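For what it's worth, our numbering labels the leading residue of the sequence shown as 10, then goes sequentially.
Taking it in order: structure first as structure tokens, then the write-up.
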Amino acid sequence: MSLMSQKLQAVHASIQAAAAAVSRRPDSVALLAVSKTFGADMVLEAIAAGQRAFGENYLQEAVAKMAAVDLALQAERGSAAETLLEWHFIGPIQSNKTRPIAENFAWVHTVEREKIAQRLSEQRPPHLPPLNICLQVNISGEASKSGMAPDQVLDAARAIIGLPRLVLRGLMAIPEPTEDLQRQHAAFRRTRELLLQLQAGLPEHAAQLDTLSMGMSADMAVAIEEGATIVRVGSAIFGQRERTIQS
Ligand SMILES: *Cc1c(COP(=O)(O)O)cnc(C)c1O
């Protein structure tokens, strides 16, 4: 078995264990493999090991990588890669960069302003299904962190659910890093409670508000115990990142 398969299996085993600990079905948690800074070769290895959903933070890097992966898969299988893979944008969004995001991704986790949502909806190509989005919430209240304040989320969601080419799926959070397990639990629990408020406040859309994107390599077990439905895992799959790239 390849090293990549072993790492993916280990992550799936952790997901299953965390889900089982709180009597959740293991298939209620999706694994998003965060491939930022890693090349198309690593993505292809993960695909060969069965992974289908990939998360990227930096637009230019992501678009180049998608093209390289596509080409390699077409050469290998003779089939279009886009039917096979699901790309998620999980990085900060500048308002002049929304079009390539709307054109190239199936999901955007990091919507933190209504204006960004409007642009994504306007720019989503008509031949593609509506773009799935999550609102990013600044759940730990850090001044420097991105995301909307928790008390702004309901109003933003009310404005965004009317946009024709988006589907509001839920919330995304990156809590302040801490070794304190209680605080980790508390931040993820607040995110879940906020989603419950949204579901109650937007009743006709409750069925589609099914997503809590939370938990990374270091804290995914706690996030799953508190209800995460997508964990975004990079280093536990691909190894430590050596370099950082700016978009
Ligand atoms: C890099 C990144 C991840 C993955 O982090 P790891 O610690 O490598 O698992 C998850 N979410 C976001 C938004 C990221 O930028």
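The beta-carbon is built from N, C-alpha and C at its ideal position, and this holds for glycine as well.
Computed from a prediction, not measured in an experiment: that's the story for all the values here.
Option in the options with minimal Cα separation from residue i
i, options, result
"Gln127", "Pro138, Thr107, His118", "Thr107"
"Arg2", "Ser104, Ala158, Ile99", "Any answer about residue 2 is impossible in this case: the structure gives the chain only from 10 up to 256."
"Ala111", "Leu93, Asn141, Gly87", "Asn141"
"Ala227", "Ala62, Gly248, Leu68, Gln15", "Gly248"
"Val240", "Pro135, Ala57, Ile24, Ala81", "Ile24"
"Phe98", "Glu70, Pro134, Ala81", "Glu70"
"Glu201", "Val72, Glu188, Asp219", "It should be pointed out that residue 201 corresponds to Arg in this sequence rather than to Glu. The shortest Cα separation from Arg201 among Val72, Glu188, Asp219 belongs to Asp219."
"Val72", "Ala115, Gly210, Ser104", "Ala115"
"Pro135", "Asn113, Glu123, Ala195", "Asn113"
"Cys143", "Arg192, Pro109, Leu203", "Leu203"
"Ala215", "Asn105, Tyr67, Leu163", "Leu163"
"Lys45", "Val38, Ala195, Glu65", "Glu65"
"Asp50", "Pro138, Pro109, Leu82", "Leu82"
"Arg250", "Phe47, Val20, Gln18", "Phe47"
"Ala209", "Trp96, Arg167, Gly224", "Arg167"
"Val231", "Leu221, Leu190, Ser244", "Leu190"
"His118", "Gly243, Met229, Ser244, Met223", "Met223"
"Gln132", "Ser244, Pro109, Gln145", "Pro109"
"Thr187", "Gln161, Gly87, Pro212, Met225", "Met225"
"Val52", "Asp36, Trp96, Pro101", "Trp96"
"Ser104", "Lys74, Leu68, Arg86, Ala84", "Leu68"
"Leu94", "Ala76, Gly100, Pro101, Met229", "Ala76"
"Gly100", "Phe197, His194, Gln145", "Gln145"
"Gln193", "Gln161, Pro138, Met229", "Met229"
"Leu221", "Arg86, Phe197, Asp160", "Phe197"
Integer Cβ distance of residue i from residue j, believed to fall under 8 Å
i, j, result
"Ala27", "Ile233", "4 Å"
"Gln217", "Leu177", "7 Å"
"Ala62", "Ala42", "7 Å"
"Val242", "Val20", "6 Å"
"Ser155", "Glu121", "6 Å"
"Ala165", "Glu123", "6 Å"
Minimum Cβ-Cβ distance from residue i to chain C less than 9 Å
i, result
"Leu68", "Given the protein chain composition of this structure (a single chain), no chain C is represented."
Legend entry - the stretch 143-152 in contact with the stretch 181-201 per 3-pair CB rule at 8 Å: With a cut-off of 8 Å on Cβ pairs, the stretch 143-152 is in contact with the stretch 181-201, counting three or more such pairs.
Inset, instruction - Go through the stretch 199-252 residue by residue and report every complete run of the alpha helix (DSSP H) that reaches 4 residues or more, in order. - result: Correct list: 229-234, 244-247.
Legend entry - Cβ contact (3+ pairs, closer than 8 Å) linking the stretch 223-238 and the stretch 29-45: Yes, since at least three Cβ pairs between the stretch 223-238 and the stretch 29-45 fall closer than 8 Å, the two stretches touch.
Inset, instruction - Can you check the stretch 48-77 for any beta strand (DSSP E) of at least 3 residues that lies completely inside it and give the ranges in chain order? - result: Taking only runs of at least 3 residues, the beta strand (DSSP E) segments lying wholly in the stretch 48-77 are 62-65.
Inset, instruction - Kindly provide the ranges of any beta strand (DSSP E) runs that are 3 or more residues long and lie completely inside the stretch 169-198, ordered along the chain. - result: Taken in chain order, the whole beta strand (DSSP E) runs of length 3 or more contained in the stretch 169-198 are 175-182.
Inset, instruction - Identify every run of the beta strand (DSSP E) within the stretch 92-117, keeping only runs that are complete inside it and at least 3 residues long; order them along the chain. - result: Listed in chain order, they are 95-98.
Inset, instruction - Check whether the stretch 12-22 touches the stretch 54-74, taking contact to mean three or more Cβ pairs, one atom from each stretch, closer than 8 Å. - result: The stretch 12-22 is in contact with the stretch 54-74.
Legend entry - Cβ pair count under 8 Å reaching 3, the stretch 113-132 against the stretch 166-176: Taking a contact to require three or more Cβ pairs closer than 8 Å, the stretch 113-132 and the stretch 166-176 qualify as touching.
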